[in-house]
Amino acid sequence: MHPPRILLGVNIDHIATLRQARGTRYPDPVQAALLAEEAGADGITIHLREDRRHIQERDVRLLAEVLNTRMNLEMAVTEEMLALAEEVRPAHVCLVPEKREELTTEGGLDVVGNFDAIADACRRLAAAGCEVSLFIDPEPSQIEASRRAGAPVIELHTGAYAECTGQAAREEHARLSAATEMALELGLTVNAGHGLHYHNVEAIAAIPGLHELNIGHAIIARALFVGLKEAVAEMKRLMIAGQEAGFIASLEEHDHDHDEHDH
């Protein structure tokens, strides 16, 4: 049976980064979100950081009203953010680690080390009607802790894979594949993201069972040259091609194993 088509969540944070650089009203991330949806985005991801360096509360509230797909609100596990999510009630909330000095999110949540606070956040968000995802490294202990904390979804951090090449990249890909398989066996939905771009996304999309990839920087950067709608559509084509290749490879592997068993 053919798997459900892999989904693309487009992160529009860097549209807001450009706006905040000059303190203007443009470019408007809300307009970008609607264009991305028209081009085939299955959801819109935004990270409301504590220092408000790009996305603002105004963006969150407006997007909650106008999106045709769904909002995936990335946020730290803080009382301020939890209270906002309980008020706005986005369809999805992805809990992420956050340090003010970092350029972008570095590494996954330590669910094991912060279990009680994260489990409490999962309960509160679920009660508000949000589907909760935890952004974690592809480590068995973190996957198991995520399930125990009550999160129905995890998002695997692909940053280590994106930053290496050759044998190291193959090893990271194997870690992500194994983590996906383990999480699926535990009944979790598995998303992935961070550092994915047009040259490395197909191999990740080929991992069987991945539900959604969240991609931002590469798409916004590409949009400078080809326009946002084409940049989104191009990424989605690569993801679907990667998923198809992975599906065919898994069928061939199954047939090969079946033939060997027969012999």
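In terms of UniProt numbering, the sequence shown has 151 at position 151, counting the first letter as 1, and numbering is strictly consecutive.
All C-beta atoms in this analysis are idealised placements derived from N, C-alpha and C, irrespective of residue type, glycine included.
query, result
"Cβ shell of Ala-203 (< 8 angstroms), same chain only, five flanking positions each side left out", "His-173, Gly-242"
"Three-state class that DSSP yields for Gly-9 in the structure shown", "strand"
"Residue from Glu-185, Leu-196, Gly-187, Val-190 with nearest C-alpha to Cys-164", "Leu-196"
"Val-60 versus Ser-177 - alpha carbon distance", "33 angstroms"
"Check whether residue 334 and His-54 have beta carbons under 8 angstroms apart", "This structure gives no information on residue 334, because the portion of the chain shown stretches from 1 to 263."
"For Ile-219, the three-state DSSP class (helix, strand or coil)", "helix"
"Runs of alpha helix (DSSP H) lying entirely within the segment 21-76, each at least 4 residues, in chain order", "29-38, 57-66"
"Straight-line Cα distance separating Ala-16 from Thr-24", "10 angstroms"
"C-alpha gap between Pro-3 and Leu-156, whole angstroms", "19 angstroms"
"Close beta carbons around Ile-219, own chain, < 7 angstroms, minus the five adjacent residues each side", "Val-10, Ala-231, Val-232, Met-235"
"Segment limits, beta strand (DSSP E) that includes Ile-204", "Segment 201-205 is the alpha helix (DSSP H) holding Ile-204; no beta strand (DSSP E) there."
"Distance, Pro-208 Cα to Gly-166 Cα", "21 angstroms"
"The segment 108-116 in contact with the segment 80-88 per 3-pair CB rule at 8 angstroms", "no"
"Rounded separation between Leu-125 and Val-93 - CA only", "8 angstroms"
"Boundaries of the alpha helix (DSSP H) in which Tyr-98 is found, first to last residue", "Residue identity differs from the one stated: residue 98 is Glu in this sequence, not Tyr. Here Glu-98 belongs to no alpha helix (DSSP H), and DSSP marks it neither H nor E."
"Inter-residue spacing [alpha-carbon to alpha-carbon] between Asn-72 and Arg-175", "25 angstroms"
"Per-residue burial, His-199 [other beta carbons within 10 Å of its own, 16 or more giving buried]", "exposed"
"Residue from Ala-21, Asp-51, Arg-5, Arg-22 with nearest C-alpha to Ala-41", "Arg-5"
"Whether Ala-91 touches Cys-122 by CB criterion (8 angstroms)", "no"
"Buried or exposed by the 16-neighbour rule on C-beta atoms within 10 Å, applied to Asp-13", "buried"
"Which residues DSSP lists as bridging Ser-133, in chain order", "Cys-94, Val-153"
"Nearest-angstrom Cα separation, counted from Asn-114 out to Phe-225", "42 angstroms"
"Residues near Val-88 by beta carbon distance below 7 angstroms, same chain, minus five either side", "Val-60, Arg-61, Ala-64"
"Beta-ladder partner(s) of Thr-189, from DSSP", "Val-153"
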